[in-house]
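Colleague:
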Amino acid sequence: MDKILDELKKELKEIKDLSKLNELKAKYLGKKGSISELSSKLKDMAAEEKKTFGSVLNKIKTDATNLLDEARSKIEEENLNKKLENESIDITLPSTKIPAGSPSILEKVVEEVEELLISMGYDVIDGPEIEEDKYNFEMLNIPKGHPARDAQDTFYLKNEEILLRSQTSPVQVRVMLEGKGKKPIRIICPGKTYRRDNDDATHSHQFMQIEGLLIDRKVSLSDLKGTFDVIAKKLFGEDTETRFRPSYYQFTEPSVEMDISCHHCDGKGCSICKNTGWITVSGAGMVHPNVLKNCGYDPKEWQGFAFGFGAERLAMVKYNIDDLRVFYTNDIREMRSFDRKEAE
Amino acid sequence: MIDLEWVKDYIDIEDENLKELATKITKAGINIEKVISNHIDNLVIGEVIECASHPDSDHLHICKVNVGSEILQIVCGASNVRKGIKVIVALPGAILPGNFEIKKSKIRGVESNGMLCALFELGLEEKTEEVYNKGITELDSKAKVGEDPLKYLGLDDTLYELDIHKHRNNDCYYHIGFAYEIAAILNHKVTLPEDKTSPIKENIKDYFSLKVDTKKCPYYLAKMVKDVKIGESPEFIKRRLSAYGMRSINNVVDISNYVMLEYGQPLHFFDKDTLGDNILVRDAKEGEEIVTLDGVKRKLKSSDIVITDGEKPVCIAGVMGGENTEVTEKTKDILIESAIFDAVSIRYTAANLDLRSEASIRYGKGLSYEYTNKAIERACHLLEKYAGAKVLTGTICHDKVDKTPKILEFETNEINDMLGIVLTDNDVKVELGRLDFPYEFKNGKFKVTVPSRRLDIDPNVNDIAEEVGRLYGYNNLASTLPNTVVRKGRYIGDVKYRKLASKRLRSLGLNECKTYTLVSPEMAKLFKYENKENAILPNPLSVDKSVIRTTLIPSLLNVYNYNKARKVNNIMLYEISKTYDKDYKEESKISLLMEGNYIINEWNNTKVKVDFYLVKGIIENILDYFGFKNRYSFEKESISNMHPGICASISLDEKRIGVIGRVHPSIEKDDVYVAEISLNALMENVKPIKFKPASKYPLIKKDLAFIVDKKTNSLEIENVIKKAGGKLLTDINVFDVYTGENVLNNEKSIAYSLTFSSDERTLSEEEVMEIFNKIISKCEKEIGAKLRDK
Chain A
1 MDKILDELKK ELKEIKDLSK LNELKAKYLG KKGSISELSS KLKDMAAEEK
51 KTFGSVLNKI KTDATNLLDE ARSKIEEENL NKKLENESID ITLPSTKIPA
101 GSPSILEKVV EEVEELLISM GYDVIDGPEI EEDKYNFEML NIPKGHPARD
151 AQDTFYLKNE EILLRSQTSP VQVRVMLEGK GKKPIRIICP GKTYRRDNDD
201 ATHSHQFMQI EGLLIDRKVS LSDLKGTFDV IAKKLFGEDT ETRFRPSYYQ
251 FTEPSVEMDI SCHHCDGKGC SICKNTGWIT VSGAGMVHPN VLKNCGYDPK
301 EWQGFAFGFG AERLAMVKYN IDDLRVFYTN DIREMRSFDR KEAE
Chain B
1 MIDLEWVKDY IDIEDENLKE LATKITKAGI NIEKVISNHI DNLVIGEVIE
51 CASHPDSDHL HICKVNVGSE ILQIVCGASN VRKGIKVIVA LPGAILPGNF
101 EIKKSKIRGV ESNGMLCALF ELGLEEKTEE VYNKGITELD SKAKVGEDPL
151 KYLGLDDTLY ELDIHKHRNN DCYYHIGFAY EIAAILNHKV TLPEDKTSPI
201 KENIKDYFSL KVDTKKCPYY LAKMVKDVKI GESPEFIKRR LSAYGMRSIN
251 NVVDISNYVM LEYGQPLHFF DKDTLGDNIL VRDAKEGEEI VTLDGVKRKL
301 KSSDIVITDG EKPVCIAGVM GGENTEVTEK TKDILIESAI FDAVSIRYTA
351 ANLDLRSEAS IRYGKGLSYE YTNKAIERAC HLLEKYAGAK VLTGTICHDK
401 VDKTPKILEF ETNEINDMLG IVLTDNDVKV ELGRLDFPYE FKNGKFKVTV
451 PSRRLDIDPN VNDIAEEVGR LYGYNNLAST LPNTVVRKGR YIGDVKYRKL
501 ASKRLRSLGL NECKTYTLVS PEMAKLFKYE NKENAILPNP LSVDKSVIRT
551 TLIPSLLNVY NYNKARKVNN IMLYEISKTY DKDYKEESKI SLLMEGNYII
601 NEWNNTKVKV DFYLVKGIIE NILDYFGFKN RYSFEKESIS NMHPGICASI
651 SLDEKRIGVI GRVHPSIEKD DVYVAEISLN ALMENVKPIK FKPASKYPLI
701 KKDLAFIVDK KTNSLEIENV IKKAGGKLLT DINVFDVYTG ENVLNNEKSI
751 AYSLTFSSDE RTLSEEEVME IFNKIISKCE KEIGAKLRDK
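Chains A and B, in that order, give the protein sequences. Counting in our numbering, the first sequence runs from 1 upward without gaps. Counting in our numbering, the second sequence runs from 1 upward without gaps.
Shown next as structure tokens:
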């Protein structure tokens, strides 16, 4: 009887597809199959013999079934593998392009500053771009006829009273007036500003400022320095060094210009820092007592600092861009460099 | 510009390294942009002890020159070189202007170890033919061999080119004011120059009367001198003026300029004989004329100030003198004016007449009355000494200057709090001493009198903190953070919504643009889909940028064209920006422009082309993102500059908030799609998120297709279906639109998939069928739709 199994094994070796396997199964285990035929002999056997023969027969049946099942899974696996192999593709062919959007370069820089300062408790707020003279100048300690107005040649709209704002500082005035001299203030005001400059590599009649204002009961110039340090390191890297230089603005006193060490030459001197090792990126200072007073804050009780960045300037320094017009040309080929987020 | 040799007249800086000093001054706030030094290394005084002709040349000489430490052989081509003269020798290693380095060399076979120089070769004299023909510079016999020749000639000046912030450009743009700044930094004292005179008995009042009839002249002071002898200026004045960049004219004119550069006070000299005897200072009459020193006839405005001889103008105050009273070679007697005029008025007049001079700039910045007095005395002294003038006794004077000193009271801790530093009372005393600010200190309080030369300082603690701080050194400040309440900031108002929309649009693959608010009138006329007029700048820089835009679409179209011209394909742009109408009403807008393939893979033919429906999808995506699902609709509307068949208005809660469509082919032949919506409209309508659980009960889907008139739009059919469907109809979706075979020419087939569900129970087939049939009959009745395949 072992012969049957040997034969089966031999036949199985030849079989490559499922229909043949089914035929083979019928040949051995089908109703008229060779194993079934053997079991028909059982009825003529004596009880003792029946028992022995029966158990042998059962074993053969089980073994044969196992052999056939094994062969089936093997063939099925081979079939699947063949199918998968046929489905195999050239993964080196080009992808389907999913569009990737990008921020404008200016907005990217603005958002970096916003992100940091929001985490430091500053609200981000904007105000009207068409402003009143009193918010843009007068309340900021720049009365009519003041020479500081000459430098900010302004687009007036009506009677020298309505203008396109020449700085984002009027937003600070508005927020201070809202605070009614009672609430501490922590804001930054990024936004568009306008001055009568002809557009060239370093001038633009439209540009973006990011101004910050902090008013509280005890604020010092050293606090401004610390704040600037944090911003400079965030924007230009941890190794960035900073320095203050005395300066002058009508709405701050003391006023400073804030420089960062040139990250292109590590302070050794190059064309970008004009061989000084330092790049000026911000003007700032302690809020002038007249401005505090004008906006309802008592300078005896409240102090504050204000700082201003030019977004174009920051972007130019950060990305080594030498022409300011780039930001308003919107060349998609250039914008595509900014469709990603830098890991921090 | 400040000449440091000149400053040495007032303060002892003999031992200072002037480059290092410049750094110190810059750190303390007066920005020195450039240190210009005439000093040249390896330049010595030499004596020619032998001079022979060069064997191979008809003009070269072989000289033996004693330079103190050695005797050098130098070949020289100058015609005036000869034995016994003292000369300027540039030794090997000296670098002359033009980066010309002197080296040991052989000239026609003869060794030469340096160069004998003329001043023009050192950049210290203009190279004219006359100067050139003179040959090398000869020093007088007193010159000491081996020493620095430029120092000997007084030509080794160091100049500081300043770039001063506005508030200090009145007191730091003259030499005495600058000396005070150096004094504060180095803790030295300033000595003012000699201004004594020996007046004659005659009094100016015998010659002149003065009347000031304008509010814009708070101070007018005049003195008179007689018998001046016009001639050349003394060397030091000529040299200093020339170093400053001023031409020497004659001793008298030079003195007026010299004193201005000393005290910052412009002076005006009138020829007394042409002046009459009544000085009247008044506002100019509108249209009044005067011929100024430069020979130009100028028409004045009533806002200008004039000095008159009682009737006709003789000088435009603070700006330029009149030709009629000019000091000439023949002038004998002079009236000297030292005055203060209204700064704003002078700036205005100077700008108006386009006459910006050293004088008008200084008047325009404001002047200290103390120096108005000092300057006139100093001028008289110099005129007496260098022009033989006789100074008359007395002055004529109009004085309405507020001389109340600015008094500043504060405590040390106020400065400490402001700067975040720790100074003692004594430290503050030292700083005030350096600044030469007189003070009293009583009961822990300082009372400081601000000197009148410091016009920039106002009596508040910030100003004194600044003075102390800059001398203390901002580099010495600590880096601290403000001691404030801990909180996280946030975006406020429109910025918040701008950020939200921006974030979504970027992730949908659009590139953010920044374009100009100011546009040309032609651009402003395009895509006028609202009833808005533009605000126009009364004084634009150019016509190109003269109108404030009400829509961003034309700007994005410009960006599109820019990129298309550079062969960029598949352009997806957006911008969010404020717009204004002619009443300056603000509206923030979100604008998009899309063209090409949104998604593309050419080799396997995957393409999602930008069309109306894609842009509509983007708009819906944003509106959904803001939470406006089921609250907006699109309605066909013809919009200027858009394709008449492919454009629509967008409404939110039945209020029009924007437009969408294809740009009219007459403007743009490519298939460019644009859309614009009002961010303000979105801001006003945002509602908070509410959680809505998914229905637990199964939904039932039914499909149907109608044949309708081709002009019937889907929204009309949907509206009927919705109404008939009631609450249990929870979704409608178009899954097929068909025209062609089996459908008449003027008809189309449109197929909907309807979803029915309830949050409360399982719907039965019967009740759904009842609604379904109702929908069909309503559509048949109301729109004349025919059910297809029936």
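Every residue, glycine too, gets a C-beta built ideally from N, C-alpha and C.
Does the beta-carbon distance from F341(B) to G310(B) come in below 8 Å?
Modeller: Cβ atoms of F341(B) and G310(B): not closer than 8 Å.
Colleague: So, at 6 Å on beta carbons, what are the nonlocal neighbours of K774(B) in its own chain, with the 5 sequence-adjacent residues on each side left out?
Modeller: Result list for K774(B): A724, in chain order.
Colleague: Please report how far the alpha carbon of L682(B) lies from the alpha carbon of G658(B), in whole angstroms.
Modeller: Going from the Cα of L682(B) to the Cα of G658(B) covers about 11 Å.
Colleague: Decide yes or no for the touch test of the stretch 550–563 of chain B against the stretch 510–530 of chain B: beta carbon pairs closer than 8 Å, at least 3 of them.
Modeller: Contact between the stretch 550–563 of chain B and the stretch 510–530 of chain B is present, because at least three Cβ pairs lie under 8 Å.
Colleague: Report buried or exposed for T137(B), applying the criterion of at least 16 other Cβ atoms within 10 angstroms of its Cβ.
Modeller: Buried, because 16 or more other Cβ atoms sit within 10 Å of the Cβ of T137(B).
Colleague: Evaluate contact between the stretch 52–64 of chain B and the stretch 138–147 of chain B, counting only Cβ atoms and requiring at least three cross-stretch pairs below 8 Å.
Modeller: No, because fewer than three Cβ pairs between the stretch 52–64 of chain B and the stretch 138–147 of chain B fall closer than 8 Å, the two stretches do not touch.
Colleague: Measure the Cβ-Cβ separation of I210(A) and V110(A) and say whether it is below 8 Å.
Modeller: It is a contact, given that the beta carbons lie within the stated cut-off.
Colleague: For W278(A), which beta-bridge partners are listed by DSSP?
Modeller: Answer is S261(A), bridged to W278(A).
Colleague: Please confirm if F307(A) has its CB atom under 8 Å from at least one CB of chain B.
Modeller: Cβ-Cβ to chain B under 8 Å: no for F307(A).
Colleague: What residue does the alpha helix (DSSP H) around I750(B) start on, and which one ends it?
Modeller: First-last for I750(B): E747 to F756, but that is the beta strand (DSSP E), not the alpha helix (DSSP H).
Colleague: Return the residues of the stretch 160–184 of chain B that lie within a Cβ-Cβ distance of less than 8 Å from chain A, sorted by chain order.
Modeller: From the stretch 160–184 of chain B, only H165, K166, H167 and R168 have a Cβ closer than 8 Å to chain A.
Colleague: Could you run through the stretch 516–550 of chain B and flag, in chain order, every residue whose CB is less than 9 Å away from some CB of chain A?
Modeller: Under the 9 Å Cβ criterion, the stretch 516–550 of chain B contributes Y516, T517, L518, A535, I536, L537, P538, N539, P540, L541, S542, K545 and I548.
Colleague: Which stretch, first to last residue, makes up the alpha helix (DSSP H) that contains E14(A)?
Modeller: Unbroken alpha helix (DSSP H) run through E14(A): D2 to E14.
Colleague: Taking 8 Å as the CB-CB cut-off, is S88(A) touching chain B?
Modeller: Not closer than 8 Å to any Cβ of chain B, the Cβ of S88(A) fails to qualify, so no.
Colleague: Considering only DSSP beta bridges, list what A52(B) is partnered with.
Modeller: According to DSSP, which records beta bridges pairwise, A52(B) is partnered with I62(B).
Colleague: Beta strand (DSSP E) containing P218(B): first to last residue?
Modeller: Unbroken run through P218(B): none, as it is neither H nor E.
Colleague: N476(B) by DSSP, collapsed to three states: which one?
Modeller: Helix at N476(B).
Colleague: Please confirm whether G135(B) and V81(B) have their CB atoms less than 8 Å apart.
Modeller: Yes, Cβ-Cβ distance for G135(B) and V81(B) is below 8 Å.
Colleague: Within the same chain, show all residues whose beta-carbon is closer than 7 Å to that of M45(A), passing over the 5 residues directly before and after it, in chain order.
Modeller: F53.
Colleague: So, does the CB of Y156(A) fall closer than 8 Å to a CB anywhere in chain B?
Modeller: Taking Cβ atoms only, chain B reaches closer than 8 Å to Y156(A), which makes this a yes.
Colleague: Determine, using beta carbons only, whether E107(A) comes closer than 8 Å to chain B.
Modeller: True, the Cβ-Cβ gap to chain B drops below 8 Å.
Colleague: At a CB-CB cut-off below 8 Å, which residues of chain B make contact with I98(A)?
Modeller: Within 8 Å Cβ-Cβ: G509 and I599.
Colleague: Would you kindly report the start and end of the unbroken alpha helix (DSSP H) that includes R245(A)?
Modeller: Run containing R245(A): none in the alpha helix (DSSP H); it sits in the beta strand (DSSP E), T242 to Y249.
Colleague: For L214(A) and chain B, any beta-carbon pair shorter than 8 Å?
Modeller: Yes, contact with chain B.
Colleague: Who are K442(B)'s beta bridge partners in DSSP?
Modeller: Answer by DSSP bridge pairing, in chain order: K445(B).
Colleague: When the distance is taken between beta carbons, is E257(A) closer than 8 Å to M286(A)?
Modeller: In this structure, E257(A) does not lie closer than 8 Å to M286(A) by Cβ.
Colleague: Nearest CA to the CA of E147(B): which residue from E323(B), A118(B), S69(B) and G93(B)?
Modeller: When each option's Cα is compared against that of E147(B), the closest is S69(B).
Colleague: What residues in the stretch 223–255 of chain A have a beta carbon less than 9 Å from any beta carbon of chain C?
Modeller: Looking at the structure shown, chain C is missing, and the protein chains on hand are A and B.
Colleague: Applying a beta-carbon distance threshold of less than 7 Å, which residues of chain B neighbour H288(A)?
Modeller: N462, listed in chain order.
Colleague: Of all Cβ atoms in chain B, is any one closer than 8 Å to the Cβ of S104(A)?
Modeller: Yes, contact with chain B.
Colleague: In its own chain, which residues sit with a C-beta less than 7 Å from the C-beta of H263(A), not counting the 5 before and 5 after it?
Modeller: Answer for H263(A): F236, G237 and T240, listed in chain order.
Colleague: Give me, in chain order, the residues of the same chain whose beta-carbon lies closer than 7 Å to that of E50(B); leave out the 5 immediate sequence neighbours on both sides.
Modeller: The residues are C63, K64 and K83.
Colleague: Taking 7 Å as the limit between beta carbons, can you name the residues of its chain near G596(B), skipping five residues before and five after?
Modeller: So the list reads N569, N570, I571 and V610, once near-sequence residues are dropped.
Colleague: Return the chain-ordered list of same chain residues with a C-beta closer than 6 Å to the C-beta of K790(B), the five sequence neighbours on each side being excluded.
Modeller: Any reading at K790(B) must be qualified, since the residue scores a pLDDT of 49, below 50, and its modelled position is unreliable; no value is offered.
Colleague: Going by the beta-carbon positions, is the gap between L419(B) and S220(A) smaller than 8 Å?
Modeller: Yes, Cβ-Cβ distance for L419(B) and S220(A) is below 8 Å.
Colleague: Straight-line CA distance for F137(A) to E14(B)?
Modeller: Going by the C-alpha atoms only, they are around 45 Å apart.
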